[in-house]
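What follows is the structure in structure tokens.
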């Protein structure tokens, strides 16, 4: 397409001047940019505004998208052009004229002379708001994304879960609302299902939800007792157990305030329950320890008696432990008097006291598992391999009767009726019996039974009562021995972590609390008072003090349900 | 120096406000921890979160106050000064609210959006403190319209003078004017991208960055000019092209500085709205799954 562009200007003297330009090309571009074939300036002109091209035999003008021009005083986005048509754009007038020979098109341009210099800028995109950057669409886009991940996807997943359908694992649903990691065990149980615990929207997690899995948990106070206090309902599980926290292992709010908030005012708030107030761990804030002990009471039973064991709680300085065993710690720990049988070394605490796997309690001490290694129950130096049965007085009587019967009736024995009796100062002196073998045997057995129960043997460790009964079987009754399993059932103490105390280790560590070297009687309760704990521990951080909290020693959820005796009883 | 006054408004009054807020927040944060690790779920965390949310709402309200020309509720300058200081304080308060616990969740999304808003705000503040001086120095007192008027006047003169030179000079100069680019896309505006070309002789268009190539093309012709008039025209043309080069540089620099002055708002505002939505969702989601 060959085009002739005639630009008309008004000269300084009012005479029209014109300048002709020959343009050739498939189309004539119109716009404010310098590379447009017809460059028109002005704010209303886009860098690329419109295009004139041949359409068949006719000319056609069409605007770029969103642009408009006026054709013969009519606003158009495109138009067919005839000779004489006038295109107007920002005050510039383009008139289609009869093309002279050799040209397809002739256009007469009368530029808008009053265009201000400031409008020259419109030929270029010089401001960021002319680019794709835009605040409003960007805001809507971002808002849409936030709403999508923050509301829409969670809602979809919640609806699927309510319909008992599994949401695909890749779909981030209400998990996106998760404010922090679950503790690993809960994570395993709940997985991606928030509704495992969060049953109702806008309702806090209910205790029943916790208890649906934790069926065997016990509270440290029974509901009946709680009802007697002015404390109101039990705290929610979540009061202490805080989920979605970091680190993920954090689950228990173990601060003292959780306990002390109620227990500090126990005298006012606990009504008839009579619980001593606690507000910390020091002499002023915590009651002195009290030991739970077993107290035997003898009651008549048959020809003798039976012991009834009751638990008794006693202050440490007044407590007497009635185990019925005769035992001196001081004697056993004295190397001049007792040495270990296997290697002739002094005894250690651990020779008798073996810590159980829980780290708190010690394995029960029995004759068989501890004492018997040194203390044999032989009764006849001539028969060092024969021992009396332990713990069964009736069997002891039978054993001795059997032993002597055999001894006196054995025809192969050289001196069948020779009786060997042990007398003080006459250990090896032998006596003879000239009666019938059975009578001799019974007499010897009777004498030996009396010796074992009253002078040596049983009576060395046990309290034996002589009922003066005629029958050997009924005459002696031995007080049974029982040790308290746990002096402080309401407290927890880790012996293992106390096996090293500063520079003290081994027996020295044990003896720093338990004054065993000074104890000559099993009635001594060698339990340290609170002051001993306070040497190393305090309830708040301090130099060279290990901080302890209430829950370091006490448990809110005891192993077994609490069955405190009814108040007043 | 109106922008300097932004920070020193009334003896940096809002700096002190912010410092007091930060002190309170710091104390709140420090009193956490003996019960459970610091996070938004402790009572201190709730207080910090409420404080942060109120700050976000108030900070957003600057956009409303700025447009309320009739308002007498403090000066816009005072509001902006407070906006800067309290916005900075918000970054710390919200961080304390998080307890430094982050994850792939809605709550951290809100926090990150807030950080983007504040970071873009810092950039904006930096621009407002530095660029106006650079811009007026570059323009040397004139406006951008004057620069463009000068450019178009030089274009006109160069076009008409080049018509009187050899045809290849005419083509070169006319094409260099037609194919001069200024501004353009985001990158071109912010980094003064120059995609100018010119037609050198019969060949295809060649690069004409900073107009240097066309000036060299015309200048190379000077020694070979045979007539005195031709030499004088070429001489004059080189002068025009060099002036044009200087004006173009100035305009490009102006576009670049103005671009950097404004670019932060394209992040600051849209992300603010996303933040408001995320903030509401953060609060609601916290209580949906209480």
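Protein chains in written order, with my numbering: chain A, 10 to 578; chain B, 2 to 291.
Ideal placement from N, C-alpha and C gives every residue a C-beta, glycine not left out.
From a predicted model like this one, the values you see are computed outputs, not experimental measurements.
is_contact[residue i, chain B] using C-beta, thresh 9 Å
{"i": "residue 207(A)", "result": "yes"}
{"i": "residue 165(A)", "result": "no"}
{"i": "residue 160(A)", "result": "yes"}
{"i": "residue 575(A)", "result": "Since pLDDT at residue 575(A) reaches only 45, below the 50 mark, its modelled position is unreliable, and no value is offered."}
{"i": "residue 578(A)", "result": "Note that residue 578(A) has pLDDT 38, beneath the 50 cutoff, so the model's placement of it is unreliable and the number below is only indicative. Taking Cβ atoms only, chain B never reaches closer than 9 Å to residue 578(A), which makes this a no."}
{"i": "residue 259(A)", "result": "yes"}
{"i": "residue 398(A)", "result": "no"}
{"i": "residue 141(A)", "result": "yes"}
{"i": "residue 267(A)", "result": "yes"}
{"i": "residue 150(A)", "result": "yes"}
{"i": "residue 36(A)", "result": "no"}
{"i": "residue 184(A)", "result": "yes"}
{"i": "residue 154(A)", "result": "yes"}
{"i": "residue 10(A)", "result": "no"}
{"i": "residue 181(A)", "result": "yes"}
Where residue i meets chain A, residues with beta-carbon distance less than 9 Å
{"i": "residue 132(B)", "result": "Within chain A, no residue comes near residue 132(B); the closest Cβ sits about 14 Å away, beyond 9 Å."}
{"i": "residue 104(B)", "result": "187, 188, 189, 190 and 255"}
is_contact[residue i, chain A] using C-beta, thresh 9 Å
{"i": "residue 168(B)", "result": "no"}
{"i": "residue 127(B)", "result": "no"}
{"i": "residue 145(B)", "result": "yes"}
{"i": "residue 32(B)", "result": "no"}
{"i": "residue 195(B)", "result": "no"}
{"i": "residue 40(B)", "result": "yes"}
{"i": "residue 173(B)", "result": "no"}
{"i": "residue 2(B)", "result": "Its pLDDT being 46, under 50, residue 2(B) is placed unreliably by the model, and the measurement read from it follows with that caveat. With 9 Å as the cut-off, residue 2(B) does not count as an interface residue toward chain A."}
{"i": "residue 156(B)", "result": "yes"}
{"i": "residue 153(B)", "result": "yes"}
Proximal residues of chain A, C-beta to C-beta of residue i below 7 Å
{"i": "residue 150(B)", "result": "126 and 129"}
{"i": "residue 108(B)", "result": "188"}
Residues near residue i by beta carbon distance below 8 Å, same chain, minus five either side
{"i": "residue 185(B)", "result": "194 and 196"}
{"i": "residue 502(A)", "result": "369 and 562"}
{"i": "residue 471(A)", "result": "333, 334, 335, 487, 488 and 490"}
{"i": "residue 27(B)", "result": "97"}
{"i": "residue 308(A)", "result": "314, 315, 316 and 317"}
{"i": "residue 119(B)", "result": "88, 89, 91 and 92"}
Where residue i meets chain A, residues with beta-carbon distance less than 8 Å
{"i": "residue 141(B)", "result": "In chain order: nothing, as chain A lies at least about 17 Å away."}
{"i": "residue 187(B)", "result": "137, 140, 141 and 142"}
{"i": "residue 180(B)", "result": "43 and 44"}
{"i": "residue 267(B)", "result": "137, 142, 143, 144 and 147"}
Cβ neighbours of residue i in the same chain (closer than 7 Å, five flanking residues each side left out)
{"i": "residue 216(A)", "result": "245 and 246"}
{"i": "residue 45(A)", "result": "38, 39 and 57"}
{"i": "residue 20(A)", "result": "26"}
{"i": "residue 10(B)", "result": "78, 79 and 82"}
Sequence-distant residues of its chain with Cβ nearer than 6 Å to residue i (five each side left out)
{"i": "residue 434(A)", "result": "Caution applies to residue 434(A), whose pLDDT of 49 falls short of 50 and renders its modelled position unreliable; the value that the coordinates give is listed next. Nothing meets the Cβ criterion."}
{"i": "residue 23(A)", "result": "none"}
{"i": "residue 319(A)", "result": "304"}
{"i": "residue 275(A)", "result": "284 and 286"}
{"i": "residue 276(B)", "result": "114, 115 and 118"}
{"i": "residue 303(B)", "result": "Residue coverage of chain B in this structure runs from 2 to 291, which leaves residue 303(B) outside it and unanswerable."}
{"i": "residue 625(A)", "result": "Here chain A covers residues 10 to 578 and nothing more, so residue 625(A) does not appear."}
Proximal chain D residues relative to residue i, where beta-carbon distance stays under 8 Å
{"i": "residue 89(B)", "result": "Among the chains of the structure shown, chain D does not appear; the protein chains present are A and B."}
Where residue i meets chain B, residues with beta-carbon distance less than 9 Å
{"i": "residue 210(A)", "result": "288, 289, 290 and 291"}
Partner residues on chain B for residue i, Cβ-Cβ distance less than 8 Å
{"i": "residue 497(A)", "result": "Going along chain B, no residue has its Cβ under 8 Å from residue 497(A), so there is no contact; the nearest lies around 26 Å."}
{"i": "residue 251(A)", "result": "37 and 42"}
Within chain B, the residues that residue i reaches when beta carbons sit closer than 7 Å
{"i": "residue 134(A)", "result": "184 and 185"}
{"i": "residue 203(A)", "result": "290"}
Taking 8 Å as the threshold, find out whether the stretch 89-96 of chain B comes into contact with the stretch 40-54 of chain B through three or more Cβ pairs.
yes
Where the stretch 270-281 of chain B meets chain A: residues whose CB sits under 7 Å from a CB there:
270, 271, 272, 274, 275, 278 and 279
Could you please tell me which residues of the stretch 240-265 of chain B, in chain order, have their CB closer than 9 Å to any CB of chain A?
252, 255, 256, 259, 260, 263 and 264
contact_flag[the stretch 100-119 of chain B, the stretch 269-287 of chain B] where n(CB pairs < 8 Å) is 3 or more
yes
If we count Cβ pairs, one from each stretch, closer than 8 Å, do we get three or more for the stretch 190-201 of chain A versus the stretch 236-256 of chain A?
yes
Does the stretch 144-151 of chain B come close enough to the stretch 205-218 of chain B that 3 or more CB-CB pairs lie under 8 Å?
no
Compile a chain-ordered list of the residues in the stretch 463-497 of chain A whose CB is closer than 7 Å to at least one CB of chain B.
none
Return the residues of the stretch 213-238 of chain A that lie within a Cβ-Cβ distance of less than 9 Å from chain B, sorted by chain order.
213 and 214
In the stretch 191-218 of chain B, which residues sit with their C-beta less than 7 Å from some C-beta in chain A, listed in chain order?
none
Report yes or no: do the stretch 28-41 of chain B and the stretch 260-267 of chain A share at least 3 C-beta pairs separated by less than 8 Å?
yes
If you pair each beta-carbon of the stretch 504-511 of chain A with each one of the stretch 354-371 of chain A, do three or more pairs fall below 8 Å?
yes
How about the stretch 252-266 of chain B and the stretch 124-135 of chain B: do they share at least three Cβ pairs that are nearer than 8 Å?
yes
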